[in-house]
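**Student:**
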Amino acid sequence: MHDKTLKHLSDGLASGEFSSTELTRSYLDAIKAKNGDLNAYITVTEEQALAQAKAADEQRAAGNAGPLTGIPIAHKDIFCTRGVRTSCGSKMLDNFVAPYESTVTERLAEAGTVMLGKTNLDEFAMGSSTESSFYGPTRNPWNTETIPGGSSGGSAVAVSAGLAAAATGTDTGGSIRQPAALCGITGLKPTYGRVSRWGMIAFGSSLDCGGPMTRTAEDAALMLNAFAGFDPKDSTSMERDVDDYSARLNQPLKGLRIGLPKEYFGDGLDDGIRAAVNDAVKTLESLGAVVKDISLPRTELSIPAYYIIAPAEASTNLSRYDGVRYGYRCENPTDLQDMYMRTRAEGFGAEVKRRIMVGTYALSAGYYDAYYNKAQQLRRLIRDDFQTAFDEVDVILGPTTPSPAWKIGEKANDPVSMYLEDIYTLSTNLAGLPGLSLPCGQVGGLPVGMQVIGNYFDESLLLNIGHQFQQNTDWHTKTPN
Numbered sequence: 001m002h003d004k005t006l007k008h009l010s011d012g013l014a015s016g017e018f019s020s021t022e023l024t025r026s027y028l029d030a031i032k033a034k035n036g037d038l039n040a041y042i043t044v045t046e047e048q049a050l051a052q053a054k055a056a057d058e059q060r061a062a063g064n065a066g067p068l069t070g071i072p073i074a075h076k077d078i079f080c081t082r083g084v085r086t087s088c089g090s091k092m093l094d095n096f097v098a099p100y101e102s103t104v105t106e107r108l109a110e111a112g113t114v115m116l117g118k119t120n121l122d123e124f125a126m127g128s129s130t131e132s133s134f135y136g137p138t139r140n141p142w143n144t145e146t147i148p149g150g151s152s153g154g155s156a157v158a159v160s161a162g163l164a165a166a167a168t169g170t171d172t173g174g175s176i177r178q179p180a181a182l183c184g185i186t187g188l189k190p191t192y193g194r195v196s197r198w199g200m201i202a203f204g205s206s207l208d209c210g211g212p213m214t215r216t217a218e219d220a221a222l223m224l225n226a227f228a229g230f231d232p233k234d235s236t237s238m239e240r241d242v243d244d245y246s247a248r249l250n251q252p253l254k255g256l257r258i259g260l261p262k263e264y265f266g267d268g269l270d271d272g273i274r275a276a277v278n279d280a281v282k283t284l285e286s287l288g289a290v291v292k293d294i295s296l297p298r299t300e301l302s303i304p305a306y307y308i309i310a311p312a313e314a315s316t317n318l319s320r321y322d323g324v325r326y327g328y329r330c331e332n333p334t335d336l337q338d339m340y341m342r343t344r345a346e347g348f349g350a351e352v353k354r355r356i357m358v359g360t361y362a363l364s365a366g367y368y369d370a371y372y373n374k375a376q377q378l379r380r381l382i383r384d385d386f387q388t389a390f391d392e393v394d395v396i397l398g399p400t401t402p403s404p405a406w407k408i409g410e411k412a413n414d415p416v417s418m419y420l421e422d423i424y425t426l427s428t429n430l431a432g433l434p435g436l437s438l439p440c441g442q443v444g445g446l447p448v449g450m451q452v453i454g455n456y457f458d459e460s461l462l463l464n465i466g467h468q469f470q471q472n473t474d475w476h477t478k479t480p481n
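Under full-length UniProt numbering, think of the first position of the sequence shown as 1, with each following residue one higher.
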């Protein structure tokens, strides 16, 4: 049952093959059996889940069910959930119980989903491996000696290992797409502003974006239908009509123009991933797509631009964690300054401290123009590269990651090497564009993914491409042993 898609589970609930209570108990049993080894969940909300499942069964019996009613899902532990700990994977928020609900989790609850719990992540979503969590690393179910990607590694593992039917994630520089690729599932980063950030604890406010992590593109469409849309509580939310993301899934791809950026296929890309993506391109060509070589000349500049802008925004957002209002506070401070310094020194991990220091430096009076302003100028040029490309093609395709999952601890002392793993995903966030990662092969027994990037608000097109690809391949059906 745990390898079924969200769509299949929805159909099973509708036909009475099983109840939401039975389904939820099955997932809770799987979590008890596997989470000790995988560390996908920080908090399991068993009592709440069973209560929600019972309510979903009653709703279905009354004839008021929607496609997600009674479906057990997980939430990345960066979304505030009323009455449930929201830790962000940090000691700083280990004792924080959110007094309100994020818009994403609230809308999914209104759609009838059942919350199994909150998943592990890199501390404050800062990382690419889910190793920096205060609660320890999450392990890739395909090989538990390897990382699952990050920062939404817990959500990716929960879906991949059958510990949730689907999950929410957030993507600031690839944090949905990269772990989706490394765990063999589907992950969608929507257009910036398409999904409300209300109640999603901020890392980089101009970059953060919530999205679905699922087995298939069809499932991602069902999830996005439930929580996309304008939110007056979020000033960055776009007041724009929402598509029915399931409506276009079966449209043919004849005449679709796909751009292959030469910068995504150069040095540094694993040969096995290159071959897998090339095979995927051939599949799309067989479905009627037309492929064209293009260039995104400023791709390499996305890493320095991102690692100025994101830490700058993080240093501002994390200034609120000072031990005064909520969260961790050091013991027996001698004065206010001692409390501030020791609380932040003890409450934040190494990667978070590193980014706060970089961001504070970049925003300081003597360096603001030299670093932060320059990075913002580069951001605009990167965006312009994409817009030039979209004058010629409908979507852009390439690998999601340059390499398959690496061993836990392998890059822990080499942050620059870790940052380079995001080379194909960062620029999408800088430009605010949507991106979809799909499983497209394996290298050394580990899954790898391809990424399809669309123009603004082209989520329906990306999901259409993803669904058609998955109708003609079986990589999305493969599960870890």
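Ideal Cβ positions, reconstructed from N, Cα and C, are used throughout, including at glycine.
Only a predicted model underlies this, so the values are computations on that prediction, with no experimental measurement involved.
(1) Taking 8 Å as the threshold (C-beta atoms), are residue 201 and residue 330 in contact?
(2) Between residue 188 and the rest of its own chain, which residues show a CB-CB distance below 6 Å, the 5 nearest in sequence each way excluded?
(3) May I ask you to report which of helix, strand or coil DSSP gives residue 159?
(4) If I follow the unbroken alpha helix (DSSP H) through residue 244, where does it start and stop?
(5) Using only alpha-carbon positions, find the residue among 61, 471, 306 and 124 that is nearest to residue 284.
(6) Three Cβ pairs or more, each shorter than 8 Å: is that satisfied between the region 269-287 and the region 299-312?
(7) Output the distance between the C-alpha atoms of residue 301 and residue 74, rounded to the nearest integer angstrom.
(8) When you compare the region 437-450 with the region 314-328, are there three or more beta-carbon pairs, one atom per stretch, that lie closer than 8 Å?
(9) In the DSSP assignment, find the unbroken beta strand (DSSP E) run with residue 74 in it and report its ends.
(10) Please say whether residue 122 and residue 150 have beta carbons closer to each other than 8 Å?
(11) Is it the case that the Cβ atoms of residue 141 and residue 480 are separated by a distance below 8 Å?
(12) Among residues of its own chain, excluding the 5 on either side of residue 461, which ones have a beta-carbon nearer than 6 Å to its beta-carbon?
(13) Decide yes or no for the touch test of the region 10-21 against the region 92-104: beta carbon pairs closer than 8 Å, at least 3 of them.
(14) Tell me the rounded alpha-carbon separation between residue 107 and residue 244.
(15) Once you ignore the five residues that flank residue 253 on each side, which residues in its own chain have a CB closer than 7 Å to its CB?
(16) Nearest to residue 82 by CA position, among 90, 180, 115 and 183, is which residue?
(17) Return yes when the C-beta of residue 413 is under 7 Å from any heavy atom of the ligand FMN, and no when it is not.
(18) Once the 5 residues before and after residue 473 are set aside, which same chain residues still bring their CB inside 8 Å of it?
(19) Pull up the CB-CB distance for residue 445 and residue 143, whole angstroms please, since I reckon it's below 8 Å.
(20) Count the other CB atoms within 10 Å of the CB of residue 380; is the residue buried (16 or more) or exposed (fewer)?
(21) May I ask you to verify whether the region 124-140 touches the region 338-357, counting CB pairs closer than 8 Å and requiring at least 3?
(22) When the Cα atoms are used, what is the spatial distance from residue 136 to residue 456?
(23) Are there three or more Cβ pairs, one per stretch, closer than 8 Å when the region 248-264 is compared with the region 385-404?
(24) For a minimum of 3 consecutive residues, which ranges assigned as the beta strand (DSSP E) are wholly contained in the region 106-152?
(25) What residue range is occupied by the uninterrupted alpha helix (DSSP H) comprising residue 306?
(26) In this structure, how does DSSP classify residue 19 when only helix, strand and coil are distinguished?
(27) Residues in the same chain with beta-carbon distance under 8 Å from residue 361, minus the five sequence neighbours each way, listed in chain order, please.
(28) Can you check whether the CB of residue 216 is closer than 8 Å to the CB of residue 186?
(29) Quickly, what does DSSP pair residue 361 with across the bridge? List them, please.
(30) Which one of 163, 3 and 384 has the shortest CA to CA distance from residue 430?
(31) Given this structure, state the Cα-to-Cα distance separating residue 373 from residue 207, to the nearest angstrom.
(32) Which residues does DSSP list as the beta-bridge partners of residue 261?
(33) Could you check which residue in 402, 4, 162 and 237 has the C-alpha nearest to that of residue 432?
**Tutor:** Reading from the atomic positions:
(1) Against the sequence shown, residue 330 aligns to sequence position 330. Against the sequence shown, residue 201 aligns to sequence position 201. No. Outside cutoff.
(2) One-based indexing of the sequence shown puts residue 188 at position 188. Answer for residue 188: 211, 212, 220 and 436, listed in chain order.
(3) For the purposes of this step, residue 159 is taken as residue 159 along the sequence shown, with counting starting at 1. The answer is helix: DSSP assigns residue 159 an H, G or I state.
(4) The count along the sequence shown starts at 1 and reaches residue 244 at position 244. Looking at the DSSP string, residue 244 is not in any alpha helix (DSSP H), and its letter there is neither H nor E.
(5) Taking the sequence shown and counting its residues from 1, the one referred to as residue 284 is at position 284. Nearest option by C-alpha distance: 471.
(6) No, the region 269-287 is not in contact with the region 299-312.
(7) As a working mapping, residue 301 is identified with position 301 in the sequence shown. As a working mapping, residue 74 is identified with position 74 in the sequence shown. Cα to Cα, residue 301 sits roughly 35 Å from residue 74.
(8) no
(9) Your numbering for residue 74 matches position 74 in the sequence shown. Residues 72-76.
(10) The count along the sequence shown starts at 1 and reaches residue 150 at position 150. The count along the sequence shown starts at 1 and reaches residue 122 at position 122. Contact: yes.
(11) Position 141 of the sequence shown, counted from the start, is the residue given in the question as residue 141. Position 480 of the sequence shown, counted from the start, is the residue given in the question as residue 480. In contact: residue 141 and residue 480 (Cβ atoms closer than 8 Å).
(12) Position 461 of the sequence shown, counted from the start, is the residue given in the question as residue 461. Cβ within range, chain order: 454.
(13) Fewer than three pairs of CB atoms, one per stretch, sit closer than 8 Å, so the region 10-21 makes no contact with the region 92-104.
(14) As a first step, residue 107 must be located in the sequence shown, where it is residue number 107. As a first step, residue 244 must be located in the sequence shown, where it is residue number 244. C-alpha separation (whole angstroms): 16 Å.
(15) Locating residue 253 in the sequence shown gives position 253, where the first residue counts as 1. Answer for residue 253: 284, 287, 288, 289, 465 and 468, listed in chain order.
(16) Position 82 of the sequence shown holds residue 82. Across the set 90, 180, 115 and 183, the C-alpha of 115 shows the shortest separation from the C-alpha of residue 82.
(17) Ligands in the displayed structure: none, and consequently the ligand FMN is not present.
(18) Here residue 473 refers to the residue found at position 473 of the sequence shown. So the qualifying residues of the chain are 280, 283 and 440.
(19) Here residue 445 corresponds to residue number 445 of the sequence shown, with the count starting at 1. Here residue 143 corresponds to residue number 143 of the sequence shown, with the count starting at 1. Taking a contact as a CB-CB distance under 8 Å, the pair residue 445 and residue 143 counts as one, their CB atoms being some 7 Å apart.
(20) The residue labelled residue 380 in the question sits at position 380 within the sequence shown. Label assigned to residue 380: exposed.
(21) Cβ pair count under 8 Å is three or more, so yes.
(22) Along the sequence shown, read from residue 1 onward, the residue named residue 136 stands at position 136. Along the sequence shown, read from residue 1 onward, the residue named residue 456 stands at position 456. Roughly 36 Å between the two C-alpha positions.
(23) With a cut-off of 8 Å on Cβ pairs, the region 248-264 is in contact with the region 385-404, counting three or more such pairs.
(24) 114-119
(25) Numbered from 1 along the sequence shown, position 306 holds the residue referred to as residue 306. Start and end: 302-317.
(26) Taking the sequence shown and counting its residues from 1, the one referred to as residue 19 is at position 19. Coil, per DSSP.
(27) Residue 361 sits at position 361 when you count from the first residue of the sequence shown. These residues qualify, in order along the chain: 367 and 371.
(28) For the purposes of this step, residue 186 is taken as residue 186 along the sequence shown, with counting starting at 1. For the purposes of this step, residue 216 is taken as residue 216 along the sequence shown, with counting starting at 1. Yes. Within cutoff.
(29) Locating residue 361 in the sequence shown gives position 361, where the first residue counts as 1. None; residue 361 has no bridge partner.
(30) As a working note, residue 430 is residue 430 in the sequence shown. Selected option, being the one with the closest Cα: 384.
(31) Within the sequence shown, the letter at position 373 stands for residue 373. Within the sequence shown, the letter at position 207 stands for residue 207. A direct Cα-to-Cα measurement between residue 373 and residue 207 gives close to 16 Å.
(32) Against the sequence shown, residue 261 aligns to sequence position 261. Beta-bridge pairing links residue 261 to 294.
(33) Residue mapping note: residue 432 aligns to position 432 of the sequence shown, counting from 1. Nearest option by C-alpha distance: 237.
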